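Below is one structure, written out as structure tokens; comments come after it.
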Amino acid sequence: MIRINLLPFRAARKQENIRRQVSVFILSLVLVTILLVMGHIFLQNKIEALNLDIKNTKDQVAKFNKINAEIAQIKKDLQILKKKTEVIQSLDTNRTAPVMLMDAMTQLTIPKRMWFTSFESKTKSIMVNGIALDNKTVADFMTNLEDSGKYQEVKLSSIRQIVIAEKNLKSFGITFQKIGETTEALEGKKK
-9 MIRINLLPFR AARKQENIRR QVSVFILSLV LVTILLVMGH IFLQNKIEAL
41 NLDIKNTKDQ VAKFNKINAE IAQIKKDLQI LKKKTEVIQS LDTNRTAPVM
91 LMDAMTQLTI PKRMWFTSFE SKTKSIMVNG IALDNKTVAD FMTNLEDSGK
141 YQEVKLSSIR QIVIAEKNLK SFGITFQKIG ETTEALEGKK K
């Protein structure tokens, strides 16, 4: 029988197996390293993109904050302008009020028998001082005020006799209230 020594062949085969396993291991390590590097690069690019988005968003927020500040200033200026316009409208409305009030008062006077010396008008209250020929003229004027429907609470605050150009005259003071000139009515006129 022939004997074949298979030991060197087995050793060579074993060595080849080891070499193959080492090659597969090294190849696996290289492949894993390449995958890790590619994953790292991908994540790094994603981080940079997100950082760029964050920077752009912060820039936009700063830009919009600046625009919001401008809008707030414009609103403030608009509010001031609105208040000024309301004041102008109020002045324009109230500009003719004293003239109209004086005209209404003169229509209620007793002609050639009484004269106004002072006239004071507050929100609803009016105070008139004047001179009349006699007490009846003052009483008639007060009656005319009440009967006009425009005034209420007509009260004689003072009456006294004075002498002017050697004539006995009556100096009087009358206070009364306007009717219907409430705050709501005044606001309605502005609109």
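Residues -9 to 181 (our numbering) make up the sequence shown, in order.
Note that the Cβ used here is the ideal one computed from N, Cα and C, for glycine as well.
Given the structure is predicted, the values throughout are model-derived calculations rather than measurements.
For residue i, collect the residues of the same chain with a Cβ closer than 8 Å to its Cβ; drop the 5 residues on either side in sequence, then sort them by chain order.
i	result
L146	V128, M132, F162, G163, I164
I149	N125, V128, K160, S161, F162, G163
I154	I121
For residue i, I'd like the list of residues in its chain whose CB is within less than 7 Å of its CB, leaving aside the five on either flank, ordered along the chain.
i	result
L98	F131, N134, L135, S138
Q167	K114, S115, Y141, Q142, E143
N158	Q151
G178	Annotation note: pLDDT 46 at G178 (below 50); position unreliable, coordinate value reported separately. No residues qualify anywhere along the chain.
So which of the options has the shortest CA-CA distance to residue i?
i	options	result
E156	E143, I8, L123	L123
Y141	Q151, S18, V118, V153	V118
P88	E110, I78, D67	E110
M102	M92, I121, N55	Per the sequence presented here, residue 102 reads as Lys, with Met not at that position. Of the listed residues, the one whose Cα sits closest to K102 is I121.
Hey, could you find the ends of the beta strand (DSSP E) residue i is sitting in?
i	result
K160	157 to 168
K140	It is not in any beta strand (DSSP E) - K140 carries neither H nor E in the DSSP assignment.
Who are residue i's beta bridge partners in DSSP?
i	result
A122	M104, K160
M132	Answer is none; M132 lacks a bridge partner.
V153	N158
E110	M117
L146	I164
Kindly indicate the opening and closing residues of the alpha helix (DSSP H) around residue i.
i	result
T96	87 to 98
Whole angstroms are fine: how far does the CA of residue j sit from the CA of residue i?
i	j	result
L68	M95	41 Å
V27	N41	21 Å
R9	V22	19 Å
N35	G29	10 Å
I169	M92	16 Å
K74	I57	25 Å
T172	K112	Because T172 sits at a pLDDT of 45, beneath the cut-off of 50, its placement in the model cannot be relied upon, and the following sentence gives the value as read from the coordinates. Straight-line Cα distance between these residues: approximately 13 Å.
M90	T83	11 Å
I16	N7	14 Å
A175	K53	Confidence at A175 is low in this model, with a pLDDT of 43, below 50, so the placement of that residue should be treated as unreliable; the coordinate-derived value is given next. The alpha-carbon atoms of A175 and K53 are separated by roughly 47 Å.
A62	T47	22 Å
T107	I78	30 Å
F32	Q5	40 Å
I37	K45	12 Å
S80	K66	21 Å
Hey, does residue i have any beta-carbon neighbour from chain C nearer than 8 Å?
i	result
M95	Note that chain C does not occur in the displayed structure, where there is just one protein chain.
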